[in-house]
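The structure under discussion appears below in the form of structure tokens.
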Ligand SMILES: Nc1ncnc2c1ncn2[C@@H]1O[C@H](COP(=O)(O)OP(=O)(O)OP(=O)(O)O)[C@@H](O)[C@H]1O
Ligand SMILES: Nc1ncnc2c1ncn2[C@@H]1O[C@H](COP(=O)(O)OP(=O)(O)OP(=O)(O)O)[C@@H](O)[C@H]1O
Ligand SMILES: [Mg+2]
Ligand SMILES: [Mg+2]
């Protein structure tokens, strides 16, 4: 807690926790810098940043949800629904801010729905969000019979390649998303609630905390972030697509796990998630630059996850 | 507060108005009538002891007082004013704070955040926490307790005793007018107990009303201004310490007289050596430990909390790996896993029954059989009927208060849960029993039963190693004892010099 | 030595694209170029293919042969490619926008129209049909279903009793058909938007001991075997191998300054038990035909 | 009289009975809604489709009861199917094919067990990593090709009939019995429950939890291998993505069947009913010609409803 405020806190977090991901990330960068031509070029670094931004925006709230001993399997499907909502609104001629608002609302509504399932109806998160996954995917497909929507305002795709403050706009959005999430998790009562919900829910209740309200807030926050991710996703494809984002929740989960957040007892580390996302991004990018056989790329994603967690597990064990 | 009430001077017919009172409280859980028409008053400046057997309903009553449970019937008064109590928030509003029997700490938050959980000082932005104020304030309460814990340490890194201190600081920080302590000393060693008592006395002189649940008779008489006894969910009576005796209290609790001296015939000639540790160090931190236990004797393992007694037990049982030295079991070298230890006939009754002893979601029957499945069903076929029969006979033998063997273990009271863990190992028919704090949170009646049981075990020629933080138990029960300090064995005492002073001298001052 | 060509296909699971890749490899070998294949790790993943294109613009191959996983959503990625000045040939699935040296492929609509027409004729112009759609929203599925629908208009006595999606998959088609067989006692014809679904449907029919005329599209090995065995009526030949061959040749010829037409579209052809022989060879035994034998100068 | 009411209450309270009631209700609705539902053919049909799902899900039930999860069952099934297809094609030997399928499945399951039990990687992540490793290997092995056209002797396993009943249905009932007996009537089953309910307590009771964990994953892998053979024999063709669509339905079936994600609770018969419900829903939608766009939505809603009903009824009980 109060990590970045305190040098000792900072060092404790950086060195003691989950060194696995640091090792892996450093190794990956080193190997690719030597073997892959153009890996360290500015253009390529921009690529990695842009490619990782959407995943990070999903992985951040996923970290919070996992800290509450929850899970959100619906993120990918909801991103698709948001993307369709934004594209449809825009294609109907409404201005871009309206489209964004629609997207955020859809994401938020989906998140709240998850929150209600988990908190009020007490359905285990895995099952509840699995249900939401199906429903969101179904709705997104029904909207246009599975077609993507392309006639959207140019401003949306332009945002993806725009640069603000010398940074690609999606990267900037991701950085802001991190800052906000970090603040929420480590500096507010909301963050205390997140840790307490996973660490000792009973204690939180006895301290007069609202379990339901907090859970709904966490999932609702995730929904908002899905709204943002959905917008970036639409911008990236210049189109609304109902199913292209399916499965992204698992990438987000992998990133969170890579970053050293445990699935139990509210034990986690937000910055680790950033590292996890980067590791996945760097790996895929580097292998592409090397022209690695695709089937081996598939294997390597799995190995990355296994090795990083093995290193951490090994450390924990000894 | 009430100027005419001095600490310790309260009597029921005093003119003073109780700070809080509960009247005619009823509470049922499915299948159990936990409380029936129980009333209790708490006056400013008094320490009101609540006593009763395991499962008598003490914790339930206190949970109702602090709003964690809603009562089925009954009334609640604050300063004579009738109020409703619909949740923990209400209780806080009335200045009621609790130190729970089970810890209510969040492992990955730090000490300060735990102390002020839910009441963090606000910063400028909505929901923001003023970290500076948070740490300053938390530190204040830690200082008050005379504790040297760093407010920034994550709670999961603290030792049990330290966690208990945080728990107490947390209650203190609520500036409560009523403080409920549910077995606060069961995880503390004598030194920390002393510290806690100092705090309690200070609070008492400030006029805080306290309800204090304990199974330790000594502290009941040391601290208590009044003693209320509950049996089977019913109010039995309230006594002033000066007017009663431990024996009377026990009779009230149990409904019959119980011999509390734990007097037993000490073992004169123990049999062959069952277990022997030679210069054992473990990955978990014990250093160069040598000890042995022979058939027919109860060997105590004493020391302060954190001295490494649990680690010795775990090393013997194979739960932690050994990094140096040798363990000999029945004459042969052995180094193993819990499975191997069990198969060789070693039993470990662990110190934390909820996390290490029981599967709380499973039935009493299933828990009781979990250590002896292979032995009981050697063909591999499991017979539910046979299992139920065995469980029933164990329930009877240990007098476990449960409506049926099918009841979920998590629904039993703490003491009865402990009996289930013991039952599980009785059925495994072991040769060496290691009891780690077997009487933690257990009522006097059950305690006597457990010691009778342990005595019965050694009479059958079994060997017992018993860890206890209650010196009186070590002294009254054991044939021999080792004392540990800083993860090492610092001394061995036999019956002739097994006395309070000699143990304390070794445990605290040695080296 | 030789040009470095990056080939993008949609997935590593559909045999169709494997044949396409073999065609591309074969052509590249003949012309002395080296090939790197880019295939999304998750089948048909749009974001992954976008990333792969972005990464390829860093690696800068001499040319790209490109099958978009989605005909619309890859537009910005194609723009990146164009901006980087890497010439690209569009293969198999037509991308909606973007500058390409050429398009090489077949017309899904024509193929479906011809194949469906063939089916309806063999049914004698009357009876019940079931249509099995592919993955919703893909251009391939949409175009093929459009072809099917248009063919239907020519046969007023043919009745569509069910249209179900089976996502181009065999098991899905099998289970959908098993269920549909229960609901519909008479099914004279089955139109599947690809061969995998057609063979799945055949399994269901055989298990239920029912008879129907089944057509699929693609002309894969599996369909040819079924046609040979008399279980399947016909398949629309999608000329996968030729896509690969000519996509690659077009890219290399363009780099070498040789003329390349803007469009190379293989004619729609239905394969049945009279003409399957030309396709009845293992794909790795096939060789690309000469450029001029297929592409006549001046054709566009 | 009192005895009778108690028996009746006991039966009604049994979770499996409740779920069976759901099945009957579903069937009643379908019977009314479509004349084709209650035909012998269709019932066998539903059972055959259930069988495949059940075979995968039954093994998974063990893993979940033991407190784990296996996200790699689908990929395992895919690899087993592909390898045995290649073996069959290459050797034509039925015995070798069967051995290959079961052996691959079992080996992969064993590897999962090692990752979880020995390398101490959290199961969710370990099996997710394994999923990618398996997919990569499958893609490599298949090299984008398909293998099809198997001899009738092999296809008997998937599409054959005995006394008019499909062979997979026999397998389903066989393993329904075997699985049920294993869990409730053997000491190993009891140990799996104990391990799932509290691994630390189980370990300190002398239950060798590492080997029990390995056992559950291995059995689950073996079932996936068996299911792979049945699937292969049924669809008569193998491609790289053959197992892809199996994982989530299998997990869903287990969860609808009342097995807890947190371990220690669940039955194989529950899983059977869960698989039946899922299959009935899809079958019903096909029979009613529900547009396939709506199928994910309906499936999602069913998942939520099933678990909700389950939770409400089990709450009334306690
Ligand atoms: N949440 C619950 N659900 C069902 N039964 C409960 C619950 N909590 C307590 N009980 C039952 O209520 C009775 C009283 O339990 P309680 O915890 O108040 O006992 P206690 O006096 O505190 O015992 P101990 O000294 O062992 O802590 C016991 O029979 C217990 O099994
Ligand atoms: N600093 C620590 N961080 C994490 N765990 C600890 C720490 N200190 C002790 N523990 C563990 O917490 C458990 C209980 O600690 P406790 O304070 O009772 O120590 P102990 O050595 O077991 O003492 P005792 O002599 O009372 O058995 C033990 O299993 C111990 O390994
Ligand atoms: Mg209690
Ligand atoms: Mg201890």
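Residue numbers (this note's numbering), protein chains in the order written: chain A, 824 to 1141; chain B, 569 to 1079; chain C, 5 to 304; chain D, 264 to 581. Note that the Cβ used here is the ideal one computed from N, Cα and C, for glycine as well.
Review point. Between residue 377 (chain D) and residue 335 (chain D), is the Cβ-Cβ spacing less than 9 Å?
Key: Stepping through the fourth chain from its first residue, residue 377 (chain D) is reached at position 114. Stepping through the fourth chain from its first residue, residue 335 (chain D) is reached at position 72. Pairing residue 377 (chain D) with residue 335 (chain D) gives a Cβ-Cβ distance that is not under 9 Å.
**Study point:** Beta-carbon contacts of residue 1000 (chain B) that lie in its chain and below 6 Å, excluding the five residues immediately before and after
**Key:** Translated into the one-based positions of the second chain, residue 1000 (chain B) becomes position 432. Excluding sequence neighbours, residue 1000 (chain B) sits near 842, 843, 914, 1031.
**Study point:** Test item, CB below 5 Å from any non-hydrogen atom of ligand 1
**Key:** Ordered along the chain, the selected set is B:597, B:600, B:602, B:622, B:623, B:624, B:625, B:626, B:627, B:628, B:979, B:980, B:981, B:982, B:983.
Check your understanding: Under a three-way DSSP split, which group does residue 22 (chain C) fall into?
Key -> One-based indexing of the third chain puts residue 22 (chain C) at position 18. Shown here, residue 22 (chain C) sits in a helix according to DSSP, grouped into three states.
Point to revise | Three-way DSSP call (helix, strand, coil) for residue 294 (chain C) in this model | key: Position 290 of the third chain, counted from the first residue, corresponds to residue 294 (chain C). In the three-state reduction of the DSSP assignment, residue 294 (chain C) falls in the coil class, being assigned neither a helical nor a strand state.
Point to revise | Coil, strand or helix - residue 841 (chain B) by DSSP | key: The sequence position of residue 841 (chain B) within the second chain is 273, counting from 1. Strand, per DSSP.
Exercise for review: In angstroms with no decimal places, state the Cα-to-Cα distance between residue 174 (chain C) and residue 903 (chain A).
Suggested key: The residue you call residue 174 (chain C) lines up with position 170 of the third chain. The residue you call residue 903 (chain A) lines up with position 80 of the first chain. Computed Cα separation, rounded: 26 Å.
Review point. From residue 609 (chain B) to residue 857 (chain B), what does the alpha carbon distance come to, in whole angstroms?
Key: For this step, residue 609 (chain B) is matched to residue 41 along the second chain. For this step, residue 857 (chain B) is matched to residue 289 along the second chain. About 50 Å.
Point to revise | chain C within 9 Å of residue 383 (chain D), Cβ atoms only | key: The sequence position of residue 383 (chain D) within the fourth chain is 120, counting from 1. Not closer than 9 Å to any Cβ of chain C, the Cβ of residue 383 (chain D) fails to qualify, so no.
Check your understanding: Can the beta-carbon of residue 666 (chain B) be found less than 9 Å from the beta-carbon of residue 630 (chain B)?
Key -> The residue labelled residue 666 (chain B) in the question sits at position 98 within the second chain. The residue labelled residue 630 (chain B) in the question sits at position 62 within the second chain. It is a contact, given that the beta carbons lie within the stated cut-off.
Point to revise | For residue 990 (chain A), the nearest candidate out of A:939, A:1115, A:862, A:870 (CA to CA) | key: The sequence position of residue 990 (chain A) within the first chain is 167, counting from 1. Relative to residue 990 (chain A), the option among A:939, A:1115, A:862, A:870 whose CA is nearest is A:870.
Review point. What span of residues does the alpha helix (DSSP H) with residue 961 (chain A) cover, start to end?
Key: Start at 1 with the first residue of the first chain, and residue 961 (chain A) comes out as number 138. 948-967 is the extent of the alpha helix (DSSP H) around residue 961 (chain A).
Exercise for review: Would you mind sorting residue 579 (chain B) into buried or exposed? The rule is 16 or more other CB atoms within 10 Å of its CB.
Suggested key: By one-based count along the second chain, residue 579 (chain B) stands at place 11. Low per-residue confidence applies at residue 579 (chain B): pLDDT is 49, beneath 50, and the placement is therefore not dependable, though the value from the model is reported in the following sentence. Residue burial annotation: residue 579 (chain B) is exposed, with fewer than 16 other C-beta atoms found within 10 angstroms of its C-beta.
Review point. How many angstroms separate the CA atom of residue 938 (chain A) from the CA atom of residue 1043 (chain A)?
Key: The count along the first chain starts at 1 and reaches residue 938 (chain A) at position 115. The count along the first chain starts at 1 and reaches residue 1043 (chain A) at position 220. When rounded, the distance between both Cα atoms is 7 Å.
**Study point:** Contact residues within the segment 941-952 of chain A, judged by C-beta distance below 7 Å to chain D
**Key:** The residues in question are 944, 945, 946, 947, 949, 950, 951.
Practice item. Look at the Cβ atom of residue 154 (chain C), then the Cβ atom of residue 232 (chain C), and state whether they are nearer than 9 Å. Key: In the third chain, the residue the question calls residue 154 (chain C) occupies position 150. In the third chain, the residue the question calls residue 232 (chain C) occupies position 228. Contact: no.
Exercise for review: Quick one: grab the DSSP three-state call for residue 1112 (chain B).
Suggested key: The requested residue 1112 (chain B) is not part of the displayed model; chain B covers only 569 to 1079.
Exercise for review: Please confirm if the segment 915-927 of chain B is in contact with the segment 458-466 of chain D, defined as three or more CB-CB distances below 8 Å between the two stretches.
Suggested key: Touching, yes, given that three or more Cβ pairs across the two stretches are closer than 8 Å.
Check your understanding: Which stretch, first to last residue, makes up the alpha helix (DSSP H) that contains residue 484 (chain D)?
Key -> The count along the fourth chain starts at 1 and reaches residue 484 (chain D) at position 221. Per DSSP, residue 484 (chain D) is one residue of the alpha helix (DSSP H) stretching across 472-498.
Point to revise | From D:408, D:435, D:443, residue whose alpha carbon lies closest to that of residue 421 (chain D) | key: For the purposes of this step, residue 421 (chain D) is identified with residue 158 of the fourth chain, where counting begins at 1. Checking every option, the nearest Cα to that of residue 421 (chain D) belongs to D:435.
Practice item. Go ahead and label residue 451 (chain D) buried or exposed: buried means 16 or more other beta carbons lie within 10 angstroms of its beta carbon, across all protein chains shown. Key: To locate residue 451 (chain D), count along the fourth chain from 1; it is residue 188. Buried is the call here.
Practice item. Mind checking the segment 955-981 of chain A against chain C and listing, in chain order, the residues whose C-beta falls within less than 7 Å of any C-beta there? Key: Within the segment 955-981 of chain A, those residues whose Cβ lies closer than 7 Å to any Cβ of chain C are, in chain order, 964, 968, 969, 970, 971, 973, 980.
Practice item. Classify residue 902 (chain B) as helix, strand or coil using the three-state DSSP reduction. Key: Taking the first residue of the second chain as 1, we reach residue 902 (chain B) at position 334. Residue 902 (chain B): coil per DSSP, three-state reduction.
Exercise for review: Measuring only between beta-carbons, confirm whether residue 579 (chain D) sits less than 9 Å from chain C.
Suggested key: Position 316 of the fourth chain, counted from the start, is the residue given in the question as residue 579 (chain D). In this prediction, residue 579 (chain D) scores a pLDDT of 47, lower than 50, which makes its location untrustworthy; no coordinate-derived value is stated.
Review point. Out of curiosity, what's the CA-to-CA distance linking residue 410 (chain D) and residue 116 (chain C)?
Key: Looking up residue 410 (chain D) in the fourth chain gives position 147. Looking up residue 116 (chain C) in the third chain gives position 112. Distance between the alpha carbons of residue 410 (chain D) and residue 116 (chain C): 25 Å.
Exercise for review: Name, going along the chain, the residues of the segment 282-299 of chain D whose beta-carbon falls closer than 8 Å to a beta-carbon of chain C.
Suggested key: Closer than 8 Å at the C-beta level to chain C, one finds these residues of the segment 282-299 of chain D: 297, 299.
Exercise for review: For chain B, find out if any of its Cβ atoms is closer than 9 Å to the Cβ of residue 845 (chain A); answer yes or no.
Suggested key: Locating residue 845 (chain A) in the first chain gives position 22, where the first residue counts as 1. Not closer than 9 Å to any Cβ of chain B, the Cβ of residue 845 (chain A) fails to qualify, so no.
Exercise for review: Using alpha carbons as the reference points, say which of A:1024, A:998, A:901, A:1119 lies closest to residue 893 (chain A).
Suggested key: Taking the first chain and counting its residues from 1, the one referred to as residue 893 (chain A) is at position 70. Checking every option, the nearest Cα to that of residue 893 (chain A) belongs to A:1024.
Exercise for review: Would you tell me roughly how many angstroms separate the C-alpha atoms of residue 970 (chain B) and residue 980 (chain B), rounded to the nearest one?
Suggested key: Here residue 970 (chain B) is taken as the residue at index 402 of the second chain, counted from 1. Here residue 980 (chain B) is taken as the residue at index 412 of the second chain, counted from 1. Straight-line measurement puts the Cα of residue 980 (chain B) at about 7 Å from the Cα of residue 970 (chain B).
Point to revise | Residue of B:687, B:722, B:937 minimising C-alpha distance to residue 679 (chain B) | key: On the second chain, residue 679 (chain B) is found 111 positions in, with the first residue counted as 1. When the alpha-carbon of residue 679 (chain B) is set against those of B:687, B:722, B:937, the nearest one is in B:722.
Check your understanding: Which of helix, strand or coil does DSSP assign to residue 671 (chain B)?
Key -> What you label residue 671 (chain B) is simply residue 103 of the second chain in a count that begins at 1. It is coil, neither helix nor strand.
Review point. Would DSSP call residue 429 (chain D) helix, strand or coil?
Key: As a first step, residue 429 (chain D) is located in the fourth chain; it is residue number 166 there, counting from the start. Strand.
Check your understanding: Can you name the residues that DSSP bridges to residue 1027 (chain A)?
Key -> Taking the first residue of the first chain as position 1, residue 1027 (chain A) is located at position 204. DSSP output for residue 1027 (chain A) lists no bridge partner at all.
Check your understanding: For residue 12 (chain C), which of C:200, C:255, C:121 has the nearest alpha-carbon?
Key -> Counting from 1 along the third chain, the entry for residue 12 (chain C) is found at position 8. For residue 12 (chain C), the nearest C-alpha among the options comes from C:255.
Review point. Does DSSP put residue 642 (chain B) in a helix, a strand or coil?
Key: Taking the second chain and counting its residues from 1, one reaches residue 642 (chain B) at position 74. Here residue 642 (chain B) sits in strand by DSSP.
Review point. Exposed or buried, which one is residue 871 (chain B) when buried takes at least 16 other CB atoms within 10 Å?
Key: For the purposes of this step, residue 871 (chain B) is taken as the residue at position 303 of the second chain. With 16 or more Cβ atoms within 10 Å of its Cβ, residue 871 (chain B) is classed as buried.
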